[in-house]
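Position 246 of the sequence shown, counting from 1, maps to 535 under the working numbering, and the rest follow consecutively. Quick reminder that beta carbons are idealized off the backbone N, C-alpha and C, glycines included. Structure, as structure tokens:
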Amino acid sequence: MIHTSFSGRLVMLGFGSIGQGVLPLLLRHIAIPRENISIVTAEARGQEVAAEYGIGFTVEAVTRDNLRDVLIPRLRRGDFLLNLSVDVSSVELMKLCQELDVLYLDTVVEPWAGGYTDPALTPSQRSNYAMREEAIALREAAKGGPTSITAHGANPGLVSHFVKQALLDIARDTGTIIAPPPASDRAGWASIAQSLGVKVIHIAERDTQVADRPKKPGEFVNTWSVDGFVGEGCQPAELGWGTHEKALPPDGHRHGFGCDAAIYLMRPGASTRVRTWTPLEGPFHGFLITHNESISLADYYTVRDAAGNAVYRPTAHYAYHPCDDAVLSVHELAGKNWQMQPEKRLMTDEIVRGMDELGVLLMGHAKGAYWYGSRLTIEEARKLVPHNNATSLQVTVAVLAGVVWAIENPRRGVVESDEIDHDRALEICRPYLGEVVGVYSDWTPLQDRGALFPEDVDASDPWQFKNIRVG
Ligand code: NAD
Numbered sequence: 290m291i292h293t294s295f296s297g298r299l300v301m302l303g304f305g306s307i308g309q310g311v312l313p314l315l316l317r318h319i320a321i322p323r324e325n326i327s328i329v330t331a332e333a334r335g336q337e338v339a340a341e342y343g344i345g346f347t348v349e350a351v352t353r354d355n356l357r358d359v360l361i362p363r364l365r366r367g368d369f370l371l372n373l374s375v376d377v378s379s380v381e382l383m384k385l386c387q388e389l390d391v392l393y394l395d396t397v398v399e400p401w402a403g404g405y406t407d408p409a410l411t412p413s414q415r416s417n418y419a420m421r422e423e424a425i426a427l428r429e430a431a432k433g434g435p436t437s438i439t440a441h442g443a444n445p446g447l448v449s450h451f452v453k454q455a456l457l458d459i460a461r462d463t464g465t466i467i468a469p470p471p472a473s474d475r476a477g478w479a480s481i482a483q484s485l486g487v488k489v490i491h492i493a494e495r496d497t498q499v500a501d502r503p504k505k506p507g508e509f510v511n512t513w514s515v516d517g518f519v520g521e522g523c524q525p526a527e528l529g530w531g532t533h534e535k536a537l538p539p540d541g542h543r544h545g546f547g548c549d550a551a552i553y554l555m556r557p558g559a560s561t562r563v564r565t566w567t568p569l570e571g572p573f574h575g576f577l578i579t580h581n582e583s584i585s586l587a588d589y590y591t592v593r594d595a596a597g598n599a600v601y602r603p604t605a606h607y608a609y610h611p612c613d614d615a616v617l618s619v620h621e622l623a624g625k626n627w628q629m630q631p632e633k634r635l636m637t638d639e640i641v642r643g644m645d646e647l648g649v650l651l652m653g654h655a656k657g658a659y660w661y662g663s664r665l666t667i668e669e670a671r672k673l674v675p676h677n678n679a680t681s682l683q684v685t686v687a688v689l690a691g692v693v694w695a696i697e698n699p700r701r702g703v704v705e706s707d708e709i710d711h712d713r714a715l716e717i718c719r720p721y722l723g724e725v726v727g728v729y730s731d732w733t734p735l736q737d738r739g740a741l742f743p744e745d746v747d748a749s750d751p752w753q754f755k756n757i758r759v760g
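Put into structure tokens, the structure is as follows:
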């Protein structure tokens, strides 16, 4: 089905696992002349895929110095810059797109190369909180300007739409009568989450994809960007900080600037584990990797009193169990004090089985815990769209939905995922998500605790971060 048409030029910056996976979706669902699409990327990787679809391909790494020289000749008013690169500042690209009147979408707020691990920056300065603050600071000046969607992949991205659907499901199943507000009505959505008593939101993901060969010593293996994962894994652990939390973690810090919806822990996310739950996996430990949505969800769902004090906010964070070989890779990386392994492998054709179970787990409401999300197997992903695995397809279809939404809503300025109509996005994504299910659970982070050893838990409120964090 053709969702929309586009007569401008579309420049794809970066053509790694996500770029290659999204190209067939763009060509299938957006009426755009092939010659209007071009790719600019730092390496030859993916050149054969571009050639397969007849798309122009230029190898040119974008840097601080050449950004304008490379992009300005390729973009004019009404065009689209689709940023799927690593190591290029999202904020600089967004500024350029506002200046040139060009539509824009990315899937993370990416810093310039080295920005995630620059020892000259404080942990707060290299947090996603700080990067998001920089991106949303462009909002005011961008009002009424070309739509610039920040951080819309699977997570961040699609999961914001899952949260809204989950809230509506919980309201229905608890007999709470509500009319779904438009996405622009942030306060309306926040008051729904508050009235349902949602205390914690996890992005609860279990990737079970397995390759035909195991990880080798000295090799980092993952189902999506190795650089992207290692970069965010080495940032401080970050979480949206709920108003029900009784005490900051001993290593928890506030940033002291910006929206104040989130905190960071003085340690990398890839060494911070949390208890979570998905329907097929059951209880498991996930990494508390920092993500943009941990902050944007907490900010979007904040209710303030007349004096501006936050009176309601859910705790929100990622709880990620990557594929088993990536867990081994993280373990090895930590042992080397976060010095990257000499070899990297992005799992594609060698995957033989498994799925990505990716959803949101809303906790603390009248029905306990509710997981809503996608279960996509590698077999289904391959059948649905070439050049994808289960993980990438959940991202690439969300990129497609964001691009379509931006074309349909071209003058919205800077927009976060939570501000996009969830119905429209899910309508576009659903055919590519495998089984989309909502499942209630009586799981809590206190289940089966303390049987073998005494544990310091808060039995009076299972939904305290203290209980969720693995000590
Ligand atoms: P990848 O590592 O497979 O590919 C990155 C691409 O960027 C490569 O084509 C590389 O050549 C290009 N690149 C690197 N430096 C560049 C430069 N200076 N100029 C131009 N191009 C450059 O990564 P991927 O898995 O395709 O991920 C792409 C982006 O999407 C990353 O930022 C990643 O964090 C993000 N991502 C987001 C989600 C989500 O759900 N929101 C999921 C997966 C990936």
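Bridge partner(s) assigned by DSSP for residue i
i, result
"Arg415", "DSSP lists no partner for Arg415."
"Ile640", "Ala500"
"Glu595", "Here the sequence assigns Ala to residue 595, which means Glu is not the residue at that position. DSSP lists no partner for Ala595."
"Asn372", "Leu302, Asp395"
"His533", "For His533, which the question treats as bridged, DSSP gives no partner whatsoever."
"Lys633", "Phe509"
"Asp645", "Asp496, Leu665"
"Arg543", "Ile552"
"Ala714", "Per DSSP, none; premise fails for Ala714."
"Phe346", "Ile328"
"Ser437", "Tyr393, Val703"
"Met652", "Val489, Ala658"
"Glu527", "Tyr553"
Residue i, buried or exposed, once every other Cβ within 10 Å from all chains shown has been counted against 16
i, result
"Pro471", "exposed"
"Glu534", "buried"
"Pro503", "exposed"
"Asp496", "buried"
"Asp368", "buried"
"Ile291", "exposed"
"Val692", "buried"
"Asn581", "buried"
"Glu646", "buried"
"Glu697", "exposed"
"Gly403", "exposed"
"Glu349", "exposed"
"Asp588", "buried"
"Arg564", "buried"
"Ile361", "exposed"
"Ala468", "exposed"
"Gln498", "buried"
Beta-carbon proximity of residue i to residue j, cut-off 8 Å
i, j, result
"Tyr590", "Trp660", "no"
"Gly434", "Gly702", "yes"
"Ser618", "Phe509", "yes"
"Phe742", "Thr604", "no"
"Tyr609", "Phe576", "yes"
"Ser449", "Ser706", "yes"
"Val377", "Pro568", "no"
"Val592", "Ser473", "no"
"Ile321", "Ser294", "yes"
"Gly303", "Ser374", "yes"
"Thr352", "Ile328", "no"
"Ala526", "Arg556", "yes"
"Leu635", "Leu315", "no"
"Gly662", "Gly648", "yes"
"Gly310", "Val746", "no"
"Ile459", "Leu485", "yes"
"Leu370", "Leu382", "yes"
"Ile344", "Leu394", "no"
"Ala551", "Gly529", "yes"
"Met652", "Leu665", "no"
Extent of the continuous beta strand (DSSP E) to which residue i belongs
i, result
"Tyr589", "Run containing Tyr589: none in the beta strand (DSSP E); it sits in the alpha helix (DSSP H), 581–589."
"Val329", "326–330"
"Ile490", "489–496"
"Met290", "Neither: Met290 is in no beta strand (DSSP E) and is coded neither H nor E."
"Asn511", "508–511"
"Phe573", "571–576"
"Glu705", "703–705"
"Ile552", "551–557"
"Trp566", "562–567"
"Ala687", "Run containing Ala687: none in the beta strand (DSSP E); it sits in the alpha helix (DSSP H), 679–697."
"Val728", "724–730"
Short CB-CB distance (under 8 Å) between residue i and chain B
i, result
"Ile552", "Of the protein chains in this structure there is only one, and it is not chain B."
The alpha helix (DSSP H) enclosing residue i, as first and last residue numbers
i, result
"Gly520", "515–523"
"Tyr342", "336–342"
"Trp660", "Element bounds for Trp660: not the alpha helix (DSSP H) but the beta strand (DSSP E), 657–666."
"Ser618", "613–624"
Closer than 7 Å: residue i CB and nearest the ligand NAP heavy atom
i, result
"Glu399", "Annotation note on the ligand NAP: not contained in the displayed structure, which lists the ligand NAD as its ligands."
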